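So the sequence shown is numbered by this note's numbering: it starts at 2 and just counts up by one. C-beta atoms are modelled at their ideal positions from N, C-alpha and C, and glycine is treated no differently. Quantities reported herein were computed from a predicted structural model and do not represent experimental measurements. Inspection log for the structure reproduced underneath, given as structure tokens.
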Amino acid sequence: MEEKLNETATQEDLQLLDSIYKENKDKDSVMIYLQKIQSEMGYVPQYAIKYLAGKTKASESHMFGVITFYSQFSTKPVGKNIIKICSGTACHVGGSKQLVKKLKSMLKVDDENPTTEDRFFTVQNVACLGCCALAPAMMVNDKVYGSLTLEKMKDIIDTYIKDAENEDM
Ligand code: FES
């Protein structure tokens, strides 16, 4: 078991899992462990599930059940910025199909691998953002952008990239 864990998790990852486990051992709640892992690591890796199954009474299948039931969890790494692009009816009529296609090709992501290689963006398709009057629309983190055009969408993405570059300087 330990050997298998080491194949995919770094020593640092294992230390982080150990500290999450120790800090929350008294509550012994799968939900709390998973929430902490999601928030500290940005997703719940397979090796974290194996680790928890080895430490707690919860089985791997139970944990997978919890992860798939609650949308707050992801088993794949997610980017620093989550882009939710709407494909709902109003947005579709407004041309969202082209926007989604362009966005994905621009960021070199697809449905299988929705996160950019540098883990800066994750693109998620959503059915409706609840702001149909602004169609076509998308959200980046908690900010809504409406009346999108290809140009506008590209500018928004560029702004996030430039802001991050300026932060690093
Ligand atoms: S259909 Fe896109 S926001 Fe409602």
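Neighbourhood of residue i by C-beta distance below 8 Å, restricted to the same chain and skipping five residues each side
{"i": "A128", "result": "C87, S88 and G89"}
{"i": "V94", "result": "A136"}
{"i": "E4", "result": "With a pLDDT of only 41 at E4, under the threshold of 50, the placement of this residue in the model should not be trusted; the figure read from the coordinates follows. Counting only Cβ-Cβ distances below 8 Å, and skipping sequence neighbours, we find nothing."}
{"i": "M2", "result": "With a pLDDT of only 40 at M2, under 50, the local geometry of the prediction cannot be trusted, and the value read off the model is given with reservation. Cβ within range, chain order: K51 and G55."}
Beta-carbon gap between residue i and residue j smaller than 8 Å
{"i": "S75", "j": "P137", "result": "no"}
{"i": "N126", "j": "I83", "result": "no"}
{"i": "G80", "j": "T123", "result": "yes"}
{"i": "K85", "j": "L18", "result": "no"}
{"i": "M154", "j": "L108", "result": "no"}
{"i": "D29", "j": "T57", "result": "yes"}
{"i": "V145", "j": "C132", "result": "yes"}
Inter-residue CB distance, residue i and residue j (contact presumed, cutoff 8 Å)
{"i": "M64", "j": "L35", "result": "7 Å"}
{"i": "Q39", "j": "V31", "result": "The pair is not a contact, with the Cβ atoms about 12 Å apart (cut-off 8 Å)."}
{"i": "I50", "j": "K37", "result": "So it is not a contact: roughly 13 Å between Cβ atoms."}
Own chain residues within Cβ distance below 7 Å of residue i, not counting five before or after
{"i": "S148", "result": "L135"}
{"i": "G43", "result": "P78 and V79"}
{"i": "Y161", "result": "N82 and V141"}
Distance cut-off 7 Å: residue i Cβ against heavy atoms of the ligand GTP
{"i": "L100", "result": "No copy of the ligand GTP appears in this structure; the ligands present are the ligand FES."}
Touching by the beta-carbon criterion (3+ pairs, under 8 Å), the stretch 49–69 and the stretch 111–127: At 8 Å Cβ cutoff, the stretches do not touch.
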